[in-house]
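Protein chains: 2
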Amino acid sequence: MATRAEVAKLAGVSASTVSYALSGDRSIKEETRKRVLKAVAQLNYRPHFAAGALAGGKSKTLALLSPSGEFGIALIALEYINGASAAARDRGYHLVIWPSQESEMSEIQTFAESGMISGVILMEIKFKDDRVDYLKKAKVPFAMIGRTENPGKDSYVDRDFIAATQLGIDYLHTLGHKKIAFLTTDRAIGVDTRFSSALLEAAKKKKMTANKLQVVNEASSGRDAFIELHKKYSDVTAVVSLNDIATLGFISGANEYGVNIPKDLSLIALDTPKNHIEMSWPPLTTVNLPAYEMGRAASNILIDQIEGKENKQNQELHAGDLVIRGTTAKVRPQAKGN
Amino acid sequence: MATRAEVAKLAGVSASTVSYALSGDRSIKEETRKRVLKAVAQLNYRPHFAAGALAGGKSKTLALLSPSGEFGIALIALEYINGASAAARDRGYHLVIWPSQESEMSEIQTFAESGMISGVILMEIKFKDDRVDYLKKAKVPFAMIGRTENPGKDSYVDRDFIAATQLGIDYLHTLGHKKIAFLTTDRAIGVDTRFSSALLEAAKKKKMTANKLQVVNEASSGRDAFIELHKKYSDVTAVVSLNDIATLGFISGANEYGVNIPKDLSLIALDTPKNHIEMSWPPLTTVNLPAYEMGRAASNILIDQIEGKENKQNQELHAGDLVIRGTTAKVRPQAKGN
DNA sequence: AGTTTTTGTCGACACGCGTCGACAAGTAGT
DNA sequence: ACTACTTGTCGACGCGTGTCGACAAAAACT
Numbered sequence: 001m002a003t004r005a006e007v008a009k010l011a012g013v014s015a016s017t018v019s020y021a022l023s024g025d026r027s028i029k030e031e032t033r034k035r036v037l038k039a040v041a042q043l044n045y046r047p048h049f050a051a052g053a054l055a056g057g058k059s060k061t062l063a064l065l066s067p068s069g070e071f072g073i074a075l076i077a078l079e080y081i082n083g084a085s086a087a088a089r090d091r092g093y094h095l096v097i098w099p100s101q102e103s104e105m106s107e108i109q110t111f112a113e114s115g116m117i118s119g120v121i122l123m124e125i126k127f128k129d130d131r132v133d134y135l136k137k138a139k140v141p142f143a144m145i146g147r148t149e150n151p152g153k154d155s156y157v158d159r160d161f162i163a164a165t166q167l168g169i170d171y172l173h174t175l176g177h178k179k180i181a182f183l184t185t186d187r188a189i190g191v192d193t194r195f196s197s198a199l200l201e202a203a204k205k206k207k208m209t210a211n212k213l214q215v216v217n218e219a220s221s222g223r224d225a226f227i228e229l230h231k232k233y234s235d236v237t238a239v240v241s242l243n244d245i246a247t248l249g250f251i252s253g254a255n256e257y258g259v260n261i262p263k264d265l266s267l268i269a270l271d272t273p274k275n276h277i278e279m280s281w282p283p284l285t286t287v288n289l290p291a292y293e294m295g296r297a298a299s300n301i302l303i304d305q306i307e308g309k310e311n312k313q314n315q316e317l318h319a320g321d322l323v324i325r326g327t328t329a330k331v332r333p334q335a336k337g338n
Numbered sequence: 001m002a003t004r005a006e007v008a009k010l011a012g013v014s015a016s017t018v019s020y021a022l023s024g025d026r027s028i029k030e031e032t033r034k035r036v037l038k039a040v041a042q043l044n045y046r047p048h049f050a051a052g053a054l055a056g057g058k059s060k061t062l063a064l065l066s067p068s069g070e071f072g073i074a075l076i077a078l079e080y081i082n083g084a085s086a087a088a089r090d091r092g093y094h095l096v097i098w099p100s101q102e103s104e105m106s107e108i109q110t111f112a113e114s115g116m117i118s119g120v121i122l123m124e125i126k127f128k129d130d131r132v133d134y135l136k137k138a139k140v141p142f143a144m145i146g147r148t149e150n151p152g153k154d155s156y157v158d159r160d161f162i163a164a165t166q167l168g169i170d171y172l173h174t175l176g177h178k179k180i181a182f183l184t185t186d187r188a189i190g191v192d193t194r195f196s197s198a199l200l201e202a203a204k205k206k207k208m209t210a211n212k213l214q215v216v217n218e219a220s221s222g223r224d225a226f227i228e229l230h231k232k233y234s235d236v237t238a239v240v241s242l243n244d245i246a247t248l249g250f251i252s253g254a255n256e257y258g259v260n261i262p263k264d265l266s267l268i269a270l271d272t273p274k275n276h277i278e279m280s281w282p283p284l285t286t287v288n289l290p291a292y293e294m295g296r297a298a299s300n301i302l303i304d305q306i307e308g309k310e311n312k313q314n315q316e317l318h319a320g321d322l323v324i325r326g327t328t329a330k331v332r333p334q335a336k337g338n
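Here is the structure:
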């Protein structure tokens, strides 16, 4: 492994000149810089990361705290990770996945102080989130994917629930649907609450009725929801799902009962990771969840913050786009609900 | 952040004594060690990772190279990551997810040489894998999840295809099935090849016929496979799936055609990550893929290697267990294939 | 022409730790 | 009682950087 000293010798300059030529923190004559860069290339030199971290106090490493639920990292986390990781790499950082056991926040703090990590990305944010409070107190830079009830000036990237919901509702409206139902859980994460109220609002605007079907995050629950719908709300012509797992069970239920999607019933999913879309048949019409982009944004926002670009925008909302696939169709003229 | 010097002062010993008390690399009087440990606890001291890496040349960081496919990290990778990450943490290491762009192996080498990473975990191993050749030449310690055609003495953790297949086939045999079919892709990864031949072998032993249904890694392809089965092999009473995504489409197809699983047709999946199991209805009978354990094992094997425990076992096969859920049943007496 | 500012470079130092050699004190073997 | 080894501790050094202060040379002002 080539060191800075070797580069300096080859380029005929001092060691510090090499550093400055690379970092740009002091002005260097163009010709000298070129000589240095040539030597760097020739020796395939790359600064020793630990030495840099030691001397500069910067590790250029981000930790993505993944709440270790039952199955460890959640499925959707995958796309966030991919995006965050890619953006971090683009800016010379690394991303460590940190399956954080429960409330081991003090550990995070220690690692932040020991220079191991420069900042933290948080997922699955609750309305009230202890982790957020902790990190703020500990002065560890962080960015959220999701947001607390009152995020204030904290950095976050989140779904634009209102815009996403409107895209879906407006499309159903275009297709002629007037009586709809929606699948939602009532987890304390806040996503559901925000989604549900945005949906009711959007439906109201279009003068559509919207019945709520309560589900939990399981396929079987989606199937139960279909059965409930089938019995109680037979005039409903379209369903909006706010839970990805339940969606799949819901489709199974429809299949089982001989209800054809999309001919008899339209279905649109608003909270479905890419991986699930390709798993269903027919392919789901969705307002897609731009998780990759959100992950990217989270990294960028966090890095801006770490590097002291406080002036930059540090809160983002992503709506996603309507992607029409195979589960939506025009309402049938003879349907009761028309 | 407390430093070694502060601990030393508090404990009334020299700095190096603190190091030795913690590492155990030299004998320290029991009483002294206790005093040191007390001071460590009191100050909440943790060695500065970069300093350690600089001085000792050990970063205690593992990189998990995830082939960035179309969707980045693959779904199953999730469980591997969780397992590998947990095991690494247990042994004081960290796991960096490295979405490796194509053949940027030289980058890996550079980072390994620069002390950034101590070893590499590889996934989605092909029969002939350039990355493996590269790492061997570059002398970067690595462990595979999966294995090349001729792994020799290279470290790996892989599925025990023979045992896993036998568990499934034997169970179907117990249920009275004699004519089966199986879903497989023919990707070059080697998994499919090994699985297919193990299955044919196991079926032969039990004197069962086994028709192959070729699929690709898509839900719609699984649906097509069902239709093919329905038309061509109507006497088949059970299906073994070797591809998780196709499985879900297969079930949709059965629903669509009014074929009841498990009453009319049994289905058992051998290569399905946990996340997919909870997504299907009825819940899948599987020989589960112990991905979490495999991830753990990969980390442990790699760390053993890094730490020079060459004598330890560095190749493992995991079969998984038969988990009976809702997609298998006794063959129906009146079925043609009986 | 003299003074101040900017540009370009260098040497020195600190970051916090692992580890080597030295050495005093104790133990074991003759 | 002398040597030989072991135990327990310490001080010193080096790992490869980032960065600060110094300073000569050049440029920009009076």
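Quick mapping for you: the protein sequence lines, in order, are chains E and R. Just so you know, we're using the UniProt record's numbering here: the first sequence kicks off at 1 and counts up by one. Just so you know, we're using the UniProt record's numbering here: the second sequence kicks off at 1 and counts up by one. Ideal placement from N, C-alpha and C gives every residue a C-beta, glycine not left out.
Under 7 Å between beta-carbons, which chain E residues line up against R/Ser85? List them in chain order, please.
-> Sequence index remark: in the second sequence, residue 85 of chain R carries index 85 (1-based). Neighbours of R/Ser85 on chain E, chain order: Ile97, Pro99.
Name the chain R residues whose beta carbon is nearer than 9 Å to that of E/Arg223?
-> As a working mapping, residue 223 of chain E is identified with position 223 in the first sequence. Result: Trp281.
Which whole runs of the alpha helix (DSSP H) in the UniProt domain "HTH lacI-type" (2-56) of chain E are 4 residues long or more, in chain order?
-> 4-11, 15-23, 30-43, 49-56
Since E/Ser220 meets chain R, which of its residues come closer than 7 Å, beta carbon to beta carbon?
-> For the purposes of this step, residue 220 of chain E is taken as the residue at position 220 of the first sequence. Per Cβ cutoff of 7 Å: Trp281.
Please list the segments of the alpha helix (DSSP H) lying wholly inside the segment 248-315 of chain R, counting only runs of 4 or more residues, in order along the chain.
-> 274-277, 291-306
Kindly confirm or deny that the segment 202-210 of chain R and the segment 269-278 of chain R touch, where touching means at least three C-beta pairs closer than 8 Å.
-> no
Please check if any C-beta of chain E sits within less than 8 Å of the C-beta of R/Met116.
-> Translated into the one-based positions of the second sequence, residue 116 of chain R becomes position 116. It does: the Cβ of R/Met116 has a partner Cβ on chain E nearer than 8 Å.
Consult DSSP for E/Ala63 and reduce its assignment to one of helix, strand or coil.
-> Residue 63 of chain E sits at position 63 when you count from the first residue of the first sequence. Note: E/Ala63 maps to strand in three-state DSSP.
At what residues does the beta strand (DSSP E) containing E/Leu213 begin and finish?
-> Start at 1 with the first residue of the first sequence, and residue 213 of chain E comes out as number 213. Its beta strand (DSSP E) spans residues 209-214.
What is the rounded straight-line gap between the Cα of R/Ile324 and the Cα of R/His177?
-> Here residue 324 of chain R refers to the residue found at position 324 when the second sequence is read from its first residue. Here residue 177 of chain R refers to the residue found at position 177 when the second sequence is read from its first residue. R/Ile324 and R/His177: Cα-Cα distance of roughly 16 Å.
Chain R contact for E/Leu78 (CB, 8 Å cutoff) = For the purposes of this step, residue 78 of chain E is taken as residue 78 along the first sequence, with counting starting at 1. Yes, E/Leu78 counts as interfacial toward chain R.
Check the Cβ-Cβ distances between E/Asn44 and every residue of chain R, and say whether any is below 8 Å.
-> The count along the first sequence starts at 1 and reaches residue 44 of chain E at position 44. For E/Asn44, the answer is yes, since a Cβ of chain R falls inside 8 Å of its Cβ.
Quick one: residues in its chain with C-beta nearer than 8 Å to the C-beta of E/Pro151, no 5 flanking neighbours on either side, listed in chain order?
-> For the purposes of this step, residue 151 of chain E is taken as residue 151 along the first sequence, with counting starting at 1. Within the same chain, E/Pro151 has close Cβ partners Met144, Gln315.
Separation of R/Ile162 from R/Pro290, as counted between CA atoms | On the second sequence, residue 290 of chain R is found 290 positions in, with the first residue counted as 1. On the second sequence, residue 162 of chain R is found 162 positions in, with the first residue counted as 1. Their Cα atoms are separated by approximately 15 Å.
When you check each C-beta in the segment 252-278 of chain R against every C-beta of chain E, which residues fall closer than 8 Å?
-> Ser252, Gly253, Asn255, Glu256, Lys274, Asn275, His276, Glu278
Start and end residues, beta strand (DSSP E) containing E/Lys158 | By 1-based counting over the first sequence, the position of residue 158 of chain E is 158. Per the sequence shown, the amino acid found at residue 158 of chain E is Asp instead of Lys. Looking at the DSSP string, the run of the beta strand (DSSP E) that includes E/Asp158 is 156-159.
With C-beta atoms as the reference, is R/Gly83 less than 8 Å away from R/Glu293?
-> As a position in the second sequence, residue 83 of chain R is number 83, starting the count at 1. As a position in the second sequence, residue 293 of chain R is number 293, starting the count at 1. The answer is yes: Cβ separation under 8 Å.
Anything in chain E within Cβ reach of R/Met294, meaning under 8 Å, just list it in chain order.
-> Working through the second sequence from its first residue, we reach residue 294 of chain R at position 294. Simply none; closest approach about 13 Å.
Is it true that the segment 212-226 of chain E meets the segment 240-253 of chain E, where meeting means three or more beta-carbon pairs spaced less than 8 Å apart?
-> yes
Look up E/Leu135 in the DSSP assignment and give the residues it is bridged to.
-> Residue 135 of chain E sits at position 135 when you count from the first residue of the first sequence. Beta-bridge pairing links E/Leu135 to no other residue.
Chain R within 8 Å of E/Gly249, Cβ atoms only | For the purposes of this step, residue 249 of chain E is identified with residue 249 of the first sequence, where counting begins at 1. Closer than 8 Å: yes.
Cut-off 6 Å between Cβ atoms - residues of its own chain near residue 386 of chain E, not counting five sequence neighbours on either side | Here chain E covers residues 1 to 338 and nothing more, so residue 386 of chain E does not appear.
Starting from the C-beta of E/Ala87, find all residues in its chain whose C-beta is less than 6 Å away, skip the five residues before and the five after it, and write them out in chain order.
-> Indexing the first sequence from 1 puts residue 87 of chain E at position 87. Same-chain partners within the cutoff: Arg296, Ser299, Asn300.
Taking Cβ positions only, does E/Ser19 come closer than 8 Å to chain R?
-> Here residue 19 of chain E corresponds to residue number 19 of the first sequence, with the count starting at 1. With 8 Å as the cut-off, E/Ser19 does not count as an interface residue toward chain R.
Under 9 Å from the C-beta of R/Met1: neighbouring residues of chain E | Taking the second sequence and counting its residues from 1, one reaches residue 1 of chain R at position 1. Neighbours of R/Met1 on chain E, chain order: Thr110, Glu113, Ser114, Gly115.
Would you please state the rounded distance, in angstroms, between the beta carbons of R/Ala39 and R/Ala11? I believe it to be under 8 Å.
-> The residue labelled residue 39 of chain R in the question sits at position 39 within the second sequence. The residue labelled residue 11 of chain R in the question sits at position 11 within the second sequence. At roughly 4 Å, the Cβ-Cβ gap stays under 8 Å, so R/Ala39 and R/Ala11 are in contact.
Quick one: which chain E residues come within Cβ less than 7 Å of R/Ile54?
-> As a working mapping, residue 54 of chain R is identified with position 54 in the second sequence. Note that residue 54 of chain R is Leu in the sequence shown, not Ile. Ordered by position in chain E, the residues that pass the 7 Å Cβ test against R/Leu54 are Ala50, Ala51, Leu54.
Give the residues of chain R in contact with E/Ser59, contact being defined as C-beta atoms less than 7 Å apart.
-> Sequence index remark: in the first sequence, residue 59 of chain E carries index 59 (1-based). Ordered by position in chain R, the residues that pass the 7 Å Cβ test against E/Ser59 are Ala50.
Cut-off 6 Å between Cβ atoms - residues of its own chain near R/Val18, not counting five sequence neighbours on either side = One-based indexing of the second sequence puts residue 18 of chain R at position 18. Arg4, Val7, Ala8, Val36, listed in sequence order.
What does R/Val240 pair with, by DSSP beta-bridge criteria?
-> As a first step, residue 240 of chain R is located in the second sequence; it is residue number 240 there, counting from the start. R/Val240 is bridged to R/Phe182, R/Ile268.
Provide the residue span of the beta strand (DSSP E) that contains E/Val120, from first to last.
-> The count along the first sequence starts at 1 and reaches residue 120 of chain E at position 120. 119-122 is the extent of the beta strand (DSSP E) around E/Val120.
Report yes or no: do the segment 221-236 of chain E and the segment 198-205 of chain E share at least 3 C-beta pairs separated by less than 8 Å?
-> no
For chain R, is any of its Cβ atoms less than 8 Å away from the one on E/His318?
-> Taking the first sequence and counting its residues from 1, the one referred to as residue 318 of chain E is at position 318. No - not a single Cβ of chain R is within 8 Å of the one on E/His318.
Whose Cβ in chain R lies nearer than 7 Å to the Cβ of E/His94?
-> The sequence position of residue 94 of chain E within the first sequence is 94, counting from 1. What E/His94 touches in chain R: Val96.
E/Leu183 and E/Leu213 look like a contact to me (Cβ under 8 Å); what is the Cβ gap, rounded to whole Å?
-> Locating residue 183 of chain E in the first sequence gives position 183, where the first residue counts as 1. Locating residue 213 of chain E in the first sequence gives position 213, where the first residue counts as 1. Contact flag correct, Cβ pair sits at about 5 Å.
Look at the alpha carbon of E/Asp160 and the alpha carbon of E/Asp186, and state the distance between them as a whole number of angstroms.
-> Numbered from 1 along the first sequence, position 160 holds the residue referred to as residue 160 of chain E. Numbered from 1 along the first sequence, position 186 holds the residue referred to as residue 186 of chain E. Straight-line Cα distance between these residues: approximately 18 Å.
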